[in-house]
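First comes the structure, then the notes that go with it.
Residue numbers (this note's numbering): 29 to 358.
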């Protein structure tokens, strides 16, 4: 059996990357002759999974939904939640435990693997057969690929965001809900979330769901250098994403950061302006379908990796683009 952690949005629906992980699990199941796919969700001290979530998971071929309940699971705790997931694994005898490659998914799978005494592969892109079970994963911030043998059981790994497209199953699953209240040791709850704060409103829209993202880096020149870029995002209905140097300098808020320590995006079009394209930033934008780079340096990593490039100063190029868009729209 394949056990997949499903993370939830604030409205209780499954996050997109978890649906991608379920699609990956289904591909793995097909290669293994139809091994059942089960999901685990953390309900905490609230109600169990909604009927809408159950139906959504059924659409993706899930046989059983294990709903982990209890006051100890109300707040996030890496060790505590991993202990709960292992309780499900021991009960279900899962041969694979996996999650989406989010910050939380990677942390939890690392805890699960360490406690089970097995290796863990992070940010897996694909797999090659089952005997032996070899996976290809992203390393060095997505700049290189590595093949890794997972010959222990359970096989524990996370799936890189957008490694596969989330697609419903041809035959839906039953998605029967099984509530569980696992015992969590006090030592596993020492490190846990004690409070949360809502992020500042993102005036340029959600980075992770945007079809178009306009990027800005050191080339913006300072906190007053974003006027034309913000106009471009408005004209294109895009979101604004920035490099780490921009947030470190305090020019823009952190929730706009794209990269290894920011958001990972996969828009139809990414327009990085004045961004050199360091490995850390590339890790966050490499899944973009098309990249149009604007930079004064023709040898910048972002330019050499882009599908298209304009060599020039963003403060000259972007206003010209804005003017042309306005002209064409009359």
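We put the CB at the ideal spot given by N, CA and C, even for glycine.
What do you get for residue 92, buried or exposed, if any count of 16 or more other CB atoms within 10 angstroms of its CB means buried?
For this step, residue 92 is matched to residue 64 along the chain shown. It is buried - the Cβ of residue 92 has at least 16 other Cβ atoms within 10 Å.
Please confirm whether residue 197 and residue 105 have their CB atoms less than 8 Å apart.
Here residue 197 refers to the residue found at position 169 of the chain shown. Here residue 105 refers to the residue found at position 77 of the chain shown. Between residue 197 and residue 105, the gap from beta carbon to beta carbon reaches 8 Å or more.
Please classify residue 130 as buried or exposed, where buried requires at least 16 other C-beta atoms within 10 Å of its C-beta.
One-based indexing of the chain shown puts residue 130 at position 102. In this structure residue 130 is buried. Its beta-carbon is surrounded by 16 or more other beta-carbon atoms within 10 angstroms.
How big is the Cα-Cα spacing for residue 122 and residue 212?
By one-based count along the chain shown, residue 122 stands at place 94. By one-based count along the chain shown, residue 212 stands at place 184. Those two C-alpha atoms are separated by around 20 Å.
Measure the CB-CB distance between residue 73 and residue 110 and report whether it falls below 8 Å.
In the chain shown, residue 73 corresponds to position 45, counting from 1. In the chain shown, residue 110 corresponds to position 82, counting from 1. Not a contact, by the Cβ cut-off of 8 Å.
Can you tell me whether residue 64 is helix, strand or coil according to DSSP?
For this step, residue 64 is matched to residue 36 along the chain shown. Three-state DSSP puts residue 64 in coil, outside helix and strand.
Whose C-alpha, out of 117, 54, 316 and 119, is nearest the C-alpha of residue 87?
For this step, residue 87 is matched to residue 59 along the chain shown. Per the Cα distances, 54.
Roughly how many angstroms separate the alpha carbons of residue 224 and residue 100, rounded to a whole number?
Walking along the chain shown from the start, residue 224 turns up at place 196. Walking along the chain shown from the start, residue 100 turns up at place 72. Roughly 17 Å separates the two Cα atoms.
Helix, strand or coil for residue 329 per DSSP?
Position 301 of the chain shown, counting from 1, holds the residue named residue 329. Reduced to three states, the DSSP call for residue 329 is helix.
Nearest-angstrom Cα distance between residue 152 and residue 97?
The sequence position of residue 152 within the chain shown is 124, counting from 1. The sequence position of residue 97 within the chain shown is 69, counting from 1. Distance between the alpha carbons of residue 152 and residue 97 is about 29 Å.
Could you give the DSSP three-state label for residue 354: helix, strand or coil?
Sequence index remark: in the chain shown, residue 354 carries index 326 (1-based). Three-state DSSP puts residue 354 in a helix.
Pairing CB atoms from the region 177 to 186 with CB atoms from the region 141 to 155, are three or more of them under 8 Å?
Segments in contact, yes.
Quick check: residue 240 and residue 295, are their CB atoms within less than 8 Å of each other?
The residue you call residue 240 lines up with position 212 of the chain shown. The residue you call residue 295 lines up with position 267 of the chain shown. A Cβ-Cβ contact shorter than 8 Å links residue 240 with residue 295.
Going by C-alpha distance, which of 210, 278, 237 and 67 is nearest residue 248?
Here residue 248 is taken as the residue at index 220 of the chain shown, counted from 1. Selected option, being the one with the closest Cα: 278.
Quick check on residue 214: buried or exposed, where buried means 16 or more other Cβ atoms within 10 Å of its Cβ?
As a working mapping, residue 214 is identified with position 186 in the chain shown. It is exposed - the Cβ of residue 214 has fewer than 16 other Cβ atoms within 10 Å.
Does DSSP put residue 127 in a helix, in a strand, or in coil?
Within the chain shown, numbered from 1, the residue matching residue 127 stands at position 99. Three-state DSSP puts residue 127 in a strand.
Extract the residue ranges of the alpha helix (DSSP H) inside the region 149 to 212, only unbroken runs of 4 or more that lie entirely within it.
The qualifying runs do not exist here; there are none.
Who pairs with residue 285 in a beta bridge, going by DSSP?
Locating residue 285 in the chain shown gives position 257, counting from the first residue. In the DSSP output, where bridge partners are listed per residue, residue 285 has 270.
What's the C-alpha gap between residue 233 and residue 347?
Taking the first residue of the chain shown as position 1, residue 233 is located at position 205. Taking the first residue of the chain shown as position 1, residue 347 is located at position 319. Legend: pLDDT at residue 233 = 47, less than 50; position of this residue unreliable, value from coordinates given subsequently. Rounded to whole angstroms, residue 233 to residue 347 spans 21 Å at the Cα level.
To the nearest angstrom, report how far apart residue 245 and residue 37 are at their CA atoms.
Start at 1 with the first residue of the chain shown, and residue 245 comes out as number 217. Start at 1 with the first residue of the chain shown, and residue 37 comes out as number 9. If you take the alpha carbons of residue 245 and residue 37, they lie about 30 Å apart.
I need the straight-line Cα distance from residue 302 to residue 342, nearest angstrom please.
Along the chain shown, read from residue 1 onward, the residue named residue 302 stands at position 274. Along the chain shown, read from residue 1 onward, the residue named residue 342 stands at position 314. Their Cα atoms are separated by approximately 6 Å.
Residue 160: buried (16+ other C-beta within 10 angstroms of its C-beta) or exposed?
Position 132 of the chain shown, counting from 1, holds the residue named residue 160. So residue 160 counts as exposed.
Classify residue 31 as helix, strand or coil using the three-state DSSP reduction.
Here the question's residue 31 lines up with position 3 in the chain shown. Strand at residue 31.
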